[in-house]
Amino acid sequence: MRTLDTPESRTRNAVLIRREAHGPRGLPVLGHLIHLARDPLGFLSDCAREYGDVVALRLGTWPTLLISDPELIEAVLVKNHRSFVKNSFFWRQVTAVFGSGLLTSEGEFWQRQRRLAAPAFAGQRLAMYGDVMVHHTQRMLDGWRTGVGRDLHADMMGLTLRIAAKTLFGSDVHEDVVEIDHAVNDLADEMASRMARPFVIPDGVPLPGHIRYRRGLRKIEQVIARIVNERRARNEDGGDLLSMLMLARDEHGHPMSDRQLRDEAITILLAGHETTALALSWAWVLIADHPDVQAELAGEVSDVLRDRAATVEDLPRLRYAEHIVMEAMRLYPPAWLIGREALRDCEIGGYPVHAGTTIYMSPWIVHRNGRYFEQPEEFRPGRWAGGLGRKIPRFAYFPFGGGPRICIGNRFAMMEAVLILATIVQRFRIERQKDRPVIPLPSITLRPKTGVWIVPATERSSRADRL
Numbered sequence: 001m002r003t004l005d006t007p008e009s010r011t012r013n014a015v016l017i018r019r020e021a022h023g024p025r026g027l028p029v030l031g032h033l034i035h036l037a038r039d040p041l042g043f044l045s046d047c048a049r050e051y052g053d054v055v056a057l058r059l060g061t062w063p064t065l066l067i068s069d070p071e072l073i074e075a076v077l078v079k080n081h082r083s084f085v086k087n088s089f090f091w092r093q094v095t096a097v098f099g100s101g102l103l104t105s106e107g108e109f110w111q112r113q114r115r116l117a118a119p120a121f122a123g124q125r126l127a128m129y130g131d132v133m134v135h136h137t138q139r140m141l142d143g144w145r146t147g148v149g150r151d152l153h154a155d156m157m158g159l160t161l162r163i164a165a166k167t168l169f170g171s172d173v174h175e176d177v178v179e180i181d182h183a184v185n186d187l188a189d190e191m192a193s194r195m196a197r198p199f200v201i202p203d204g205v206p207l208p209g210h211i212r213y214r215r216g217l218r219k220i221e222q223v224i225a226r227i228v229n230e231r232r233a234r235n236e237d238g239g240d241l242l243s244m245l246m247l248a249r250d251e252h253g254h255p256m257s258d259r260q261l262r263d264e265a266i267t268i269l270l271a272g273h274e275t276t277a278l279a280l281s282w283a284w285v286l287i288a289d290h291p292d293v294q295a296e297l298a299g300e301v302s303d304v305l306r307d308r309a310a311t312v313e314d315l316p317r318l319r320y321a322e323h324i325v326m327e328a329m330r331l332y333p334p335a336w337l338i339g340r341e342a343l344r345d346c347e348i349g350g351y352p353v354h355a356g357t358t359i360y361m362s363p364w365i366v367h368r369n370g371r372y373f374e375q376p377e378e379f380r381p382g383r384w385a386g387g388l389g390r391k392i393p394r395f396a397y398f399p400f401g402g403g404p405r406i407c408i409g410n411r412f413a414m415m416e417a418v419l420i421l422a423t424i425v426q427r428f429r430i431e432r433q434k435d436r437p438v439i440p441l442p443s444i445t446l447r448p449k450t451g452v453w454i455v456p457a458t459e460r461s462s463r464a465d466r467l
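In UniProt numbering, the protein residues as written are 1 to 467.
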């Protein structure tokens with residue numbers, strides 16, 4: 001029986017043999033931080049293979065469990081989610097960026113902020129974003145030239161940033177894209193370094209990484225402040241997420257503070273564009289390496305769209321494109337590692353868990369497990385055509401997390417990724433520059449370390465109808 005300690009299960013749990021989780025021997029003081037710093041993907045994958053679904057680790061002196069059983073993951077994220085918080089050791093090192101936004105806040109405050117933001121990602125409002133997504137993609141493609149190499153990851157980051165700013169904030173950040181991209185890279189590099197630290201070093205300590213980190217954060221804050229000030233100057237409800245946040249009032253009739261508005265806006269802008277950009281970047285790495293997949297995708301898009309632009313109404317018929325995105329996120333999940341921290345002593349699958357223990361759950365590991373996926377290392381979009389998602393355990397595939405804190409923009413991201421994929425393949429065949437390898441960099445997200453360098457080949461048509 002796999003369960004957590006709850007009032008209803010204590011009698012049952014009393015008969016379980018309490019087990020101690022095992023794992024590799026760590027170093028004094030540092031624990032397994034050196035291993036995580038050197039090769040986090042390889043180290044954690046090796047741990048799961050050697051020690052099983054529950055592995056004992058230490059982040060410095062911090063007790064940690066790596067859990068790779070879908071049933072136990074569901075217990076942590078869904079069934080007993082109140083026993084765990086997201087604000088774990090790592091997140092406390094990056095509060096300067098996210099503050100108390102949706103990504104890091106907890107309890108009733110988080111619930112209130114989530115309720116405020118949810119309508120922007122659902123229903124008719126969500127459907128209205130499709131035209132903006134396609135329009136911005138077409139504008140980007142107008143600047144591509146056949147035979148001329150380019151960093152597709154940088155293109156995707158800029159594209160999804162412009163889409164997020166326009167759809168969620170009603171703003172144009174075209175002139176800021178390059179600087180924001182550099183800022184996000186600086187933040188990601190520093191966050192990757194902090195994952196391997198056994199203690200918190202204050203942001204004010206003038207380390208080179210800290211200096212770049214603060215400089216990148218200042219640039220993003222400047223963009224957010226400009227967007228907010230422009231909206232206040234217009235004094236109008238734009239019908240977008242920013243308007244909802246600015247018009248929100250608490251039970252005393254008070255508006256959201258400037259600091260909280262800043263925290264939510266930064267969280268949504270960063271989280272709302274990078275994960276989709278990463279999913280698309282990894283998808284194109286895989287598509288370019290599999291010409292048969294690219295040909296089948298192009299055939300589907302041609303059959304569905306002919307020579308017109310994609311719309312939200314086309315999504316139900318772009319199933320192969322959807323399966324490509326799903327398969328890319330299986331192999332290269334942008335949120336490659338999900339963490340929680342135990343609020344109280346409990347039990348997971350018969351293993352005792354003490355308050356303060358960090359719980360790691362890795363889509364990277366679970367998604368590549370042969371128990372749930374045939375030939376798990378292979379890129380096979382067709383595996384999803386037969387209803388695989390309904391046949392495997394619920395948390396054998398969880399690229400957006402799960403439970404109450406499932407990614408609020410998961411439907412937005414899937415719609416955006418499919419529409420962008422279809423719009424690109426309608427115009428170009430993509431070839432990858434094989435002399436520029438793609439190296440995964442596991443930071444707060446799974447990024448391509450040196451970009452994704454491609455060559456747009458044969459332009460498929462002169463132009464699709466413009467919006």
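Every residue gets a Cβ at the ideal spot worked out from N, C-alpha and C, and that includes glycine.
Given the structure is predicted, the values throughout are model-derived calculations rather than measurements.
- [ ] Could you tell me which of 305, 248 and 321 sits nearest to residue 260, measuring between CA atoms?
- [x] 248
Open item on the list: Relative to the C-alpha of residue 370, which candidate in 67, 396, 188 and 362 has its C-alpha closest?
Closed with: 396
Open item on the list: Check whether the region 395–411 and the region 374–381 are in contact - that is, three or more C-beta pairs closer than 8 Å.
Closed with: no
Open item on the list: Quick check on residue 320: does DSSP put it in helix, strand or coil?
Closed with: helix
Open item on the list: My assumption, with CB atoms under 8 Å, is that residue 58 sits in contact with residue 26. Please give the rounded CB distance.
Closed with: Yes, residue 58 and residue 26 are in contact; Cβ-Cβ is about 5 Å, under 8 Å.
TODO: Taking only the alpha-carbon atoms, compute the straight-line gap between residue 193 and residue 432 and give it to the nearest angstrom.
DONE: 29 Å
Open item on the list: Suppose only complete runs of 3+ residues qualify. What are the beta strand (DSSP E) ranges in the region 31–64, listed by chain order?
Closed with: 54–59
TODO: Could you check the C-alpha separation between residue 2 and residue 70 for me, to the nearest Å?
DONE: Summary for residue 2: the model assigns pLDDT 43, below 50, so the residue's position carries little reliability; its value from the coordinates is reported in the next sentence. Distance between the alpha carbons of residue 2 and residue 70: 11 Å.
Task: Through-space distance from residue 245 to residue 366, alpha-carbon basis - done: 36 Å
TODO: Pull up the CB-CB distance for residue 270 and residue 120, whole angstroms please, since I reckon it's below 8 Å.
DONE: Not confirmed; about 16 Å, so no contact.
Task: Cβ shell of residue 429 (< 8 Å), same chain only, five flanking positions each side left out - done: Excluding residues within five positions, the ones whose Cβ falls inside 8 Å are 294, 298, 456, 457, 458 and 460.
Open item on the list: My output table needs one value for residue 341: the three-state DSSP class, helix, strand or coil.
Closed with: strand
- [ ] Return the chain-ordered list of same chain residues with a C-beta closer than 7 Å to the C-beta of residue 447, the five sequence neighbours on each side being excluded.
- [x] 188, 278 and 441
- [ ] May I ask you to report which of helix, strand or coil DSSP gives residue 452?
- [x] coil
Open item on the list: Buried or exposed, going by whether 16 or more other CB atoms sit within 10 Å of the CB of residue 146?
Closed with: exposed
Open item on the list: In this structure, how does DSSP classify residue 266 when only helix, strand and coil are distinguished?
Closed with: helix
Open item on the list: Using only the alpha-carbon positions, how far apart do residue 280 and residue 252 sit?
Closed with: 43 Å
Open item on the list: Only counting the same chain, and skipping five residues up and downstream in sequence, which positions put a Cβ closer than 8 Å to that of residue 181?
Closed with: 154, 157, 158 and 161
- [ ] Inspect the beta-carbon positions of residue 312 and residue 130 and report whether they are closer than 9 Å.
- [x] yes
TODO: Under the assumption that residue 399 contacts residue 372 (Cβ atoms under 8 Å), give the Cβ distance between them as a whole number of angstroms.
DONE: With a Cβ gap of about 14 Å, residue 399 and residue 372 do not count as contacting.
TODO: Measuring alpha carbon to alpha carbon, tell me which of 20, 327 and 289 ends up nearest residue 52.
DONE: 20
Task: CB of residue 309 within 9 Å of CB of residue 262, strictly - done: no
Open item on the list: Between which two residues does the alpha helix (DSSP H) holding residue 296 run?
Closed with: Looking at the DSSP string, the run of the alpha helix (DSSP H) that includes residue 296 is 291–305.
Open item on the list: Restricting to runs no shorter than 4 residues, where is the alpha helix (DSSP H) found entirely within the region 110–147?
Closed with: 123–141
Task: Own chain residues within Cβ distance below 6 Å of residue 444, not counting five before or after - done: 191
Open item on the list: When you compare the CB positions of residue 382 and residue 360, do they come within less than 9 Å of one another, or not?
Closed with: no
Task: Distance, residue 65 Cα to residue 140 Cα - done: Across the structure, residue 140 and residue 65 are spaced so that their CA atoms are roughly 44 Å apart.
Task: Residue closest to residue 230, alpha-carbon to alpha-carbon, out of 184, 165, 215 and 304 - done: Checked all of 184, 165, 215 and 304; the closest Cα to residue 230 is 165.
Open item on the list: Let me check understanding here. Comparing Cα to Cα, which of 327, 415, 326 and 289 lies closest to residue 437?
Closed with: 289
TODO: Have a look at the DSSP bridge pairing and note the partners of residue 447.
DONE: 441
Open item on the list: Whole angstroms are fine: how far does the CA of residue 317 sit from the CA of residue 96?
Closed with: If you take the alpha carbons of residue 96 and residue 317, they lie about 43 Å apart.
Task: Entirely enclosed alpha helix (DSSP H) segments - the region 200–282, minimum 4 residues - done: As far as the region 200–282 is concerned, its whole alpha helix (DSSP H) runs of at least 4 residues are 208–234 and 241–247.
Task: Segments of 3+ residues assigned as beta strand (DSSP E) that fall wholly inside the region 327–386 - done: 338–342, 346–348, 351–353 and 358–361
Open item on the list: Measuring straight from C-alpha to C-alpha, what distance separates residue 328 and residue 414?
Closed with: C-alpha separation (whole angstroms): 12 Å.
- [ ] Could you tell me whether the Cβ atoms of residue 54 and residue 356 are closer together than 9 Å?
- [x] no
- [ ] Whole angstroms is fine: what's the gap from residue 344's alpha carbon to residue 62's?
- [x] The alpha-carbon atoms of residue 344 and residue 62 are separated by roughly 15 Å.
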